[in-house]
Structure formats: structure tokens, C-alpha cells
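Novice: Mind looking over this structure? Questions follow.
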Amino acid sequence: MSDKYIVSARKYRPSTFRSVVGQQSLTHTLKTAIASGRLAHAYLFCGPRGVGKTTCARIFAKTINCEHPTAEGEACNECPSCKAFNEQRSYNINELDAASNNSVDNIRDLTEQVRIPPQTGRFRVFIID
Ligand SMILES: [Zn+2]
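Just so you know, we're using the numbering used here here: the sequence shown kicks off at 1296 and counts up by one.
In C-alpha cells form, the structure reads like this:
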């Protein structure tokens, strides 16, 4: 993978539901859930590689922690929580590569971590990829 590729992949990573291309029904469902305040405790994103499952999960994690979400259920991208997410320094998002972290001990660690409430923001989100 060349440096050029990494840069453009970062540059064009969508930061709002509106900018995710080709997943209107999913992003509509998630925005409606956020706008109505009715969130499930877990969501399962299914589909082939490259369609935007992890991207949508990251945007969702950011948006439910946003301090000033828009009426359409989008993140403001300006509050401290959004900035922490966008700069990848939020403590409220934990990504686990489930392909290589699938032992009993890994899952035991995960269930331990899930017990700890967020120190700032409203939700801690675990993305199990
Ligand atoms: Zn925000």
C-alpha cells in the first residue's frame, strides 16, 4: 500500500451520514433512531467488504456522543466530543479486530471493559470488526 493511497483514504473518509455514498437506507435508519432517541444496545452491520460497515459504525458512535446533533440526526463535527472522534483520540470508541482477537481471553477482556461507564460523553461504543 503506497503512502498516496493512505493519504487519500484518510482524506475522503466520510465524517457524516450524508457523505456516505450508497447506503441511504442504512443511514436513514440510523439517523431516525438518533433523532428519536431510540437506540438499541447493539447493532449488526452485514454486507460484503468495502461497502462502509466500519465507516458507518464510526459515524454512528460519533453522532450518538455529539453534544449538539442536528435536527436530521447528524453530528455537528464541532463540539469537543466530535473533535475527539475526528482526531481519533476519543476514549468512547473501542475497535476490536475480531479476526485476530477471538480467544476466550479476548472476549473476557471485552466484557470487563464494557462494564466501565464513559468518563466523558454519553456512550462507550465497541466496534467488533
Ligand atoms: Zn458534535
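C-beta atoms are modelled at their ideal positions from N, C-alpha and C, and glycine is treated no differently. All of these numbers come straight from a predicted model, not from anything done at the bench.
Helix, strand or coil: how does DSSP classify I1411 here?
Specialist: The residue given as residue 1411 occupies position 116 in the sequence shown. The answer is coil: DSSP assigns I1411 none of H, G, I, E or B.
Novice: Measuring only the C-alpha atoms, how far is R1410 from S1314?
Specialist: Your numbering for residue 1410 matches position 115 in the sequence shown. Your numbering for residue 1314 matches position 19 in the sequence shown. Cα to Cα, R1410 sits roughly 33 Å from S1314.
Novice: Helix, strand or coil for S1303 per DSSP?
Specialist: Taking the first residue of the sequence shown as position 1, residue 1303 is located at position 8. Residue placement at S1303 is poorly supported in this model, since its pLDDT is 49, which falls under 50; the coordinates still yield a value, given next. Helix at S1303.
Novice: Nearest by alpha-carbon distance to G1342: which of H1336, T1365, A1352 is it?
Specialist: Indexing the sequence shown from 1 puts residue 1342 at position 47. Among H1336, T1365, A1352, the Cα nearest to that of G1342 belongs to A1352.
Novice: Can you tell me where the beta strand (DSSP E) holding N1360 begins and where it ends?
Specialist: For the purposes of this step, residue 1360 is taken as the residue at position 65 of the sequence shown. Here N1360 belongs to no beta strand (DSSP E); instead the alpha helix (DSSP H) covers 1348-1360.
Novice: Could you check if A1379 belongs to the surroundings of ligand 1, using beta carbon to heavy atom distance under 6 Å?
Specialist: Counting from 1 along the sequence shown, the entry for residue 1379 is found at position 84. Outside the cutoff, so no.
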